[in-house]
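Down below is the structure, laid out as structure tokens.
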Amino acid sequence: MKIKILAVLAAIFSLQDMAAQFINGQVVSAETRQPLENVRVFHAQSNLQVFTNAEGEFEIRAEIPTKLQFSLLGYTSYSETVTAEKVKIQLQPEIGQLSEVLIQAANIPKSVRELPASVSLIRSAELSKTDNFNLVQSFNKASGVFVNQGALNTNKITIRGIGARSQYSTNRIKAYLNGIPVTTAEGELTLDDLDPEIIEKVEIFKGPVSSVFGAGLGGAINLYTKDAFENSAGVQFDYGSFHTRKMGARAGFSENDLSGTIFLTNLNSDGWRQNSAYERSSFNGNFQLDHTEKTHWNLFISATNLKAYIPSSLNLEDFQNTPEKAAFTWRQAAGYEHYNRQIAGISFSHSFSEKFSNLSSVFFTARNAYEPRPFNILDENRQSLGVRTKFNYESSFLERQASLSFGTEAMREWYETGTFQNLYEEQQANGSLEGERLSLNNQHRQYLNLFAQANWIITEKFQAEAGTSLNFTGYELIDDFDDSVDQSGKYTFSPVVSPRLGISYELFEEKNLYASASHGFSTPSVAETLTPEGLINTDLKTETGWNYEIGFKGNWFQKKLYTELNLYSIQVRNLLVARRVDNDQYVGVNAGKADHNGVEFTSVYQENIDENWQIQLRLTGNLTDYHFDRFVDLGENYSGNELPGVPEYSLIPSAEVEFKNFGFYLNYQAFGRIALNDANAAYTEAYQLLNSQLRYSNNLGKLDYSFKVGANNLFDEAYAASVVTNAVGFGGASPRFYYPGNPRNYYGSISVKYRF
Numbered sequence: 001m002k003i004k005i006l007a008v009l010a011a012i013f014s015l016q017d018m019a020a021q022f023i024n025g026q027v028v029s030a031e032t033r034q035p036l037e038n039v040r041v042f043h044a045q046s047n048l049q050v051f052t053n054a055e056g057e058f059e060i061r062a063e064i065p066t067k068l069q070f071s072l073l074g075y076t077s078y079s080e081t082v083t084a085e086k087v088k089i090q091l092q093p094e095i096g097q098l099s100e101v102l103i104q105a106a107n108i109p110k111s112v113r114e115l116p117a118s119v120s121l122i123r124s125a126e127l128s129k130t131d132n133f134n135l136v137q138s139f140n141k142a143s144g145v146f147v148n149q150g151a152l153n154t155n156k157i158t159i160r161g162i163g164a165r166s167q168y169s170t171n172r173i174k175a176y177l178n179g180i181p182v183t184t185a186e187g188e189l190t191l192d193d194l195d196p197e198i199i200e201k202v203e204i205f206k207g208p209v210s211s212v213f214g215a216g217l218g219g220a221i222n223l224y225t226k227d228a229f230e231n232s233a234g235v236q237f238d239y240g241s242f243h244t245r246k247m248g249a250r251a252g253f254s255e256n257d258l259s260g261t262i263f264l265t266n267l268n269s270d271g272w273r274q275n276s277a278y279e280r281s282s283f284n285g286n287f288q289l290d291h292t293e294k295t296h297w298n299l300f301i302s303a304t305n306l307k308a309y310i311p312s313s314l315n316l317e318d319f320q321n322t323p324e325k326a327a328f329t330w331r332q333a334a335g336y337e338h339y340n341r342q343i344a345g346i347s348f349s350h351s352f353s354e355k356f357s358n359l360s361s362v363f364f365t366a367r368n369a370y371e372p373r374p375f376n377i378l379d380e381n382r383q384s385l386g387v388r389t390k391f392n393y394e395s396s397f398l399e400r401q402a403s404l405s406f407g408t409e410a411m412r413e414w415y416e417t418g419t420f421q422n423l424y425e426e427q428q429a430n431g432s433l434e435g436e437r438l439s440l441n442n443q444h445r446q447y448l449n450l451f452a453q454a455n456w457i458i459t460e461k462f463q464a465e466a467g468t469s470l471n472f473t474g475y476e477l478i479d480d481f482d483d484s485v486d487q488s489g490k491y492t493f494s495p496v497v498s499p500r501l502g503i504s505y506e507l508f509e510e511k512n513l514y515a516s517a518s519h520g521f522s523t524p525s526v527a528e529t530l531t532p533e534g535l536i537n538t539d540l541k542t543e544t545g546w547n548y549e550i551g552f553k554g555n556w557f558q559k560k561l562y563t564e565l566n567l568y569s570i571q572v573r574n575l576l577v578a579r580r581v582d583n584d585q586y587v588g589v590n591a592g593k594a595d596h597n598g599v600e601f602t603s604v605y606q607e608n609i610d611e612n613w614q615i616q617l618r619l620t621g622n623l624t625d626y627h628f629d630r631f632v633d634l635g636e637n638y639s640g641n642e643l644p645g646v647p648e649y650s651l652i653p654s655a656e657v658e659f660k661n662f663g664f665y666l667n668y669q670a671f672g673r674i675a676l677n678d679a680n681a682a683y684t685e686a687y688q689l690l691n692s693q694l695r696y697s698n699n700l701g702k703l704d705y706s707f708k709v710g711a712n713n714l715f716d717e718a719y720a721a722s723v724v725t726n727a728v729g730f731g732g733a734s735p736r737f738y739y740p741g742n743p744r745n746y747y748g749s750i751s752v753k754y755r756f
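This is the structure we're talking about:
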């Protein structure tokens with residue numbers, strides 16, 4: 001009888017064992033995509049646990065579907081219901097571990113703490129603590145970065161004051177999206193049409209980094225989109241004040257060695273001000289193929305269609321009394337911008353050996369735009385084609401570990417631009433009417449950047465790095481308009497060498513001092529190189545600068561507190577000034593020198609009180625002393641004056657409390673006054689903003705869902721969210737310096753995702 005019972009039990013267990021399957025997977029860091037070793041993979045149902053190997057791989061036996069738990073010291077624990085025999089899991093570093101995250105965009109990746117440079121990280125979790133309408137508004141939380149936010153489509157980013165004198169757009173900053181340059185060959189940058197939902201993280205390099213990225217006196221912004229580690233589909237709906245609504249759909253798949261994500265979004269807003277309606281539709285796709293263990297492919301595709309009306313800036317009287325109105329002529333002309341933009345890039349990485357690897361990418365961008373303005377109608381078409389390749393080699397020097405990186409980046413850009421008369425004044429109703437052609441030009445612009453960098457670990461505590469780049473930039477202008485002035489010509493800027501030297505020393509455990517000196521440059525735009533007569537100004541020079549910096553980075557209290565403090569001085573020479581000579585005409589001149597001196601600080605504290613309660617406190621800010629060292633323009637001496645367009649200080653504390661599935665976030669932002677022109681004849685007032693958010697997230701089996709509601713500008717502060725530096729009033733009119741910020745406003749969001 002006992003033998004029969006044992007036989008039955010053995011058969012039962014045998015059937016159960018046959019029902020179980022081997023689940024194979026890999027665990028990687030969400031920040032760096034690098035494999036994580038010694039991750040504990042726990043199956044509670046069978047009380048079985050395994051650990052990942054050096055490649056982040058694991059194998060565990062369990063009946064599918066089943067729930068697995070993943071944990072590793074320094075990373076947030078994660079649970080997932082596994083429905084396939086092969087999975088890929090990503091773990092988020094805890095806040096205290098951010099100092100150890102590798103900076104992905106660096107030529108030779110290093111942790112934040114060991115890198116002898118100032119780099120701010122903004123993760124997707126931080127981006128989600130605002131409304132989902134504008135990506136760049138979160139950049140203000142990075143010390144040393146200031147975003148002028150005139151409207152959803154009118155944003156100007158400055159880093160350490162570089163680019164502050166630009167009238168409307170961002171320049172002197174190099175930006176990449178998944179390694180694809182999104183800054184034009186002319187140096188202009190637009191990021192506000194990117195949807196925040198697609199971004200996984202942002203790395204902001206502050207100060208000149210031309211030795212790594214080429215032209216970019218202010219710094220570089222590197223954005224990375226979200227990858228797929230599961231089969232899922234989801235939808236999201238957001239609604240906010242001013243009848244702002246956004247609908248989005250996303251899908252992800254991960255099968256064997258192929259994975260990808262697709263995002264579709266549509267954003268509409270009536271806007272707070274007159275003539276400020278906005279509509280944007282976008283498609284983004286990101287796909288990865290792990291061809292072999294040593295070879296990986298990545299394809300990124302993005303398409304955006306945007307139409308945004310432009311209220312433009314206001315004079316002081318209208319700004320104070322009727323900030324909701326649009327500038328009179330812009331409303332009469334119903335001025336707007338309408339464009340289609342495409343970005344595509346394919347990247348290939350290959351490890352020739354454990355010590356030698358290559359990352360190469362080919363990219364294409366295009367933008368077709370039509371913009372009626374009161375003074376004319378602009379029609380433009382731009383296509384860019386380029387390549388970037390980088391080799392990394394690990395070796396040793398004097399029996400100490402050393403690394404070498406070298407490569408090149410090149411871009412060729414074709415730009416056709418033309419203007420027409422705007423006969424809006426002949427219309428009975430508001431609106432633009434295209435008249436006769438005023439201009440037609442073709443521009444061919446190209447650059448070649450050669451770069452190299454070497455890192456050397458001199459001792460266990462002392463590291464050094466040195467790098468340099470050589471840049472060649474030139475353009476050809478073809479005037480196709482039949483008139484008496486021929487602007488055609490070719491021009492090549494003198495080659496620019498940009499060296500960099502940095503050292504880092506671990507003074508105490510996990511507490512580093514660093515120092516660096518780096519050179520940067522920015523080339524003038526084609527329009528700035530033209531004289532008022534339409535001829536090329538061959539005397540115009542490239543704007544250059546040196547950045548000198550010392551800083552401290554350290555962890556405290558078992559990595560619960562992370563702090564950064566740095567002092568810097570950027571000394572700009574051949575200061576490029578865009579002198580306004582007409583409504584839509586600027587002439588570039590090298591007018592002098594400027595000094596950008598400042599102090600930046602960042603601190604993040606996180607405490608896990610118990611398994612249900614967590615608290616996070618964050619403080620960022622900077623103090624600035626940006627002034628003209630020597631600047632004489634048209635006989636006026638502005639030497640010693642403050643640099644216009646950037647606040648004298650910023651202070652941004654925030655607090656976040658999480659309890660189980662709930663989270664509450666409070667953010668305060670204080671900005672100092674801003675000089676409005678080179679003469680310092682007028683300033684904005686200092687202002688403060690208070691923003692808050694309440695959110696809830698949970699799941700029902702394979703269905704994940706979340707809600708959030710929030711409010712911006714709770715104090716209903718009247719402030720200038722953006723300024724037009726050196727604005728000029730034509731025909732006796734007052735200069736229009738001010739873009740008013742939104743009054744108190746609210747938003748809400750619902751998100752649902754199903755995991756297959």
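For the record, in the sequence shown the residue sitting at position 615 is 615 according to the UniProt record's numbering, with numbers rising by one throughout. We put the beta carbon where it would ideally sit given N, CA and C, even for glycine. These numbers were taken from a predicted model, which means no experiment stands behind them.
Residues bridged to residue i (per DSSP)
{"i": "S111", "result": "L102"}
{"i": "Y638", "result": "Paired residue(s): none; Y638 is not in a bridge."}
{"i": "P740", "result": "A720"}
{"i": "K553", "result": "N512 and E564"}
{"i": "H291", "result": "Bridge partners of H291: none, in fact."}
{"i": "V182", "result": "For V182, which the question treats as bridged, DSSP gives no partner whatsoever."}
{"i": "F146", "result": "T158"}
{"i": "G285", "result": "I262 and I301"}
Bounding residues of the alpha helix (DSSP H) (the contiguous stretch that carries residue i)
{"i": "F319", "result": "L316 to N321"}
{"i": "V212", "result": "S210 to F213"}
{"i": "E126", "result": "S124 to L127"}
Beta strand (DSSP E) segment containing residue i, residue limits
{"i": "Q332", "result": "Counting along the chain, Q332 falls outside any beta strand (DSSP E), though it belongs to the alpha helix (DSSP H) covering F328 to Q332."}
{"i": "L404", "result": "R400 to N422"}
{"i": "I343", "result": "Y336 to S351"}
{"i": "Y168", "result": "Per DSSP, Y168 belongs to no beta strand (DSSP E) and is neither H nor E."}
{"i": "E55", "result": "Where E55 is concerned, there is no enclosing beta strand (DSSP E), given that its DSSP letter is neither H nor E."}
{"i": "H296", "result": "T295 to Y309"}
{"i": "R388", "result": "I377 to F397"}
{"i": "T365", "result": "F356 to P372"}
{"i": "G710", "result": "L703 to N712"}
{"i": "F715", "result": "First-last for F715: undefined, no H or E at that position."}
Straight-line gap, residue i to residue j (C-alpha atoms, nearest Å)
{"i": "S128", "j": "A164", "result": "27 Å"}
{"i": "S439", "j": "F756", "result": "56 Å"}
{"i": "D633", "j": "N392", "result": "47 Å"}
{"i": "Q288", "j": "G260", "result": "6 Å"}
{"i": "L703", "j": "A228", "result": "16 Å"}
{"i": "N713", "j": "L48", "result": "51 Å"}
{"i": "G621", "j": "T365", "result": "35 Å"}
{"i": "D479", "j": "S488", "result": "5 Å"}
{"i": "N699", "j": "A711", "result": "25 Å"}
{"i": "R400", "j": "F462", "result": "11 Å"}
{"i": "Y491", "j": "G588", "result": "15 Å"}
{"i": "R736", "j": "V728", "result": "7 Å"}
{"i": "P743", "j": "E337", "result": "24 Å"}
{"i": "S313", "j": "R388", "result": "39 Å"}
{"i": "V8", "j": "F51", "result": "Model confidence at V8 stands at a pLDDT of 48, short of 50, so the residue's coordinates are unreliable; what they give is reported in the following sentence. Using only the alpha carbons, I get a separation of about 34 Å."}
{"i": "E324", "j": "N441", "result": "37 Å"}
Completely contained alpha helix (DSSP H) runs for the segment 190-278, where each covers 4 or more residues: The qualifying runs are 210-213.
Count the CB pairs spanning the segment 221-233 and the segment 513-529 that are closer than 8 Å, and state whether there are at least three. Contact between the segment 221-233 and the segment 513-529 is absent, because fewer than three Cβ pairs lie under 8 Å.
Touch check for the segment 277-294 and the segment 251-268: three-plus C-beta pairs under 8 Å? Because the criterion of three Cβ pairs below 8 Å is met, the segment 277-294 and the segment 251-268 touch.
In chain order, which beta strand (DSSP E) runs of at least 3 residues are fully inside the segment 476-546? The qualifying runs are 489-492, 496-508 and 511-522.
With a threshold of 8 Å, are at least 3 pairs of Cβ atoms found where one atom belongs to the segment 35-51 and the other to the segment 99-119? No: the two stretches stay apart, fewer than three of their Cβ pairs being nearer than 8 Å.
So within the segment 611-656, which uninterrupted beta strand (DSSP E) runs reach at least 3 residues, ignoring any that extend past its ends? Listed in chain order, they are 613-633.
Using a Cβ distance threshold of 8 Å, determine whether the segment 498-514 contacts the segment 443-462, with at least three qualifying pairs required. In short, these stretches touch, since the Cβ pair count reaches three.
Given 8 Å as the limit, is there contact between the segment 370-377 and the segment 395-415, that is, 3 or more CB pairs closer than that? Judged by pairs of C-beta atoms under 8 Å, the segment 370-377 does not touch the segment 395-415, as fewer than three such pairs exist.
Do three or more CB pairs link the segment 641-651 to the segment 607-618 at distances below 8 Å? Not touching, per the Cβ criterion.
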